[in-house]
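Here's the structure we're looking at; comments come further down.
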Amino acid sequence: MRVTSIVIGLALAAGAPAAHQTSRPADPLEELFARGRTAQAAMSSLSASFTETTVSSLLVKPVVAKGTVIAAINPLRVVMRYTSPEPRTVWIDDRTLAVSSPGRKALDEVGIADMQRRVQKHFASASLADLRSSFDLSLSADPAVPGADLLEMVPKRRQIKEGLERLRLWIDRERLLMVRLQMDFPGGDSKRIDFTDMRINVPIDDQTFARPRAGRGGLE
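Numbering (the working numbering), first residue to last: 1001 to 1220.
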């Protein structure tokens, strides 16, 4: 849950990953990253609906969950509100991941500062050269997702391979927004998230990412 939520949040916030543009783009990946940098600079917030499909050897059949997500870019703050198969809410910032679930009298909170720094280093803040040193990258059109390019990232480094076998991002060619994400894990498990109704620079205020307070009878 922690890695999944952090990667989702960063990928949403980044759209197409930003790269440090030092020369005229010479290949499709360089062009994508250069355009992504410009699009990212103009984005302050984003909202979307999502469908999350989890495949696991521990499950008889895939679990499909639905909900909404809203993200602020700088500083990064994300709230994911699941509506099915059961309601729960996930809050993410640069230090903490918190989950509110039915029947729980308190939030489940974990510190994620170190993990956030690692994900930032290997994904969101990495230059194209940095990414190529850590991943085998390929970019192609996917007929199954019209209007989007598929960026596949296969880890080269052992410490990344231990937790992630492959990351795939489907990026809308016009808006440079991620419309689908899939993480394939060692052992055959996977998680795919499809995004719809995406809107950028939506209004946010102090209450957008507010967490419930604990009262005598539980969360309120």
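From the three backbone atoms N, C-alpha and C, an ideal C-beta is built for every residue, glycine too.
In DSSP terms, what residue i is bridged to
| i | result |
| --- | --- |
| PHE1050 | GLY1067 and PHE1195 |
| PRO1062 | DSSP, once it has assigned bridges, lists no residue as partnering PRO1062. |
| PRO1155 | PHE1135 |
| ARG1077 | ALA1072 |
| SER1190 | VAL1055 and ASP1184 |
| SER1045 | ALA1072 |
Under the three-state DSSP convention, the category residue i falls into
| i | result |
| --- | --- |
| PRO1087 | coil |
| PHE1135 | strand |
| ARG1104 | coil |
| ILE1160 | helix |
| ASP1142 | coil |
| ASP1206 | coil |
| ASP1130 | helix |
| ASP1149 | strand |
First and last residue of the uninterrupted alpha helix (DSSP H) at residue i
| i | result |
| --- | --- |
| GLN1182 | Careful: GLN1182 lies outside any alpha helix (DSSP H), inside the beta strand (DSSP E) at 1178-1184. |
| ARG1035 | 1028-1041 |
Buried versus exposed, by CB contacts within 10 Å (16 or more), residue i
| i | result |
| --- | --- |
| ILE1063 | It should be pointed out that residue 1063 corresponds to Val in this sequence rather than to Ile. So VAL1063 ends up on the exposed side. |
| ASP1149 | buried |
| VAL1110 | exposed |
| ARG1180 | buried |
| GLN1116 | buried |
| LEU1076 | buried |
Residue interval of the beta strand (DSSP E) (run including residue i)
| i | result |
| --- | --- |
| ARG1166 | 1166-1172 |
Chain D within 7 angstroms of residue i, Cβ atoms only
| i | result |
| --- | --- |
| LEU1131 | Absence of chain D from the displayed structure is noted, only one protein chain being present. |
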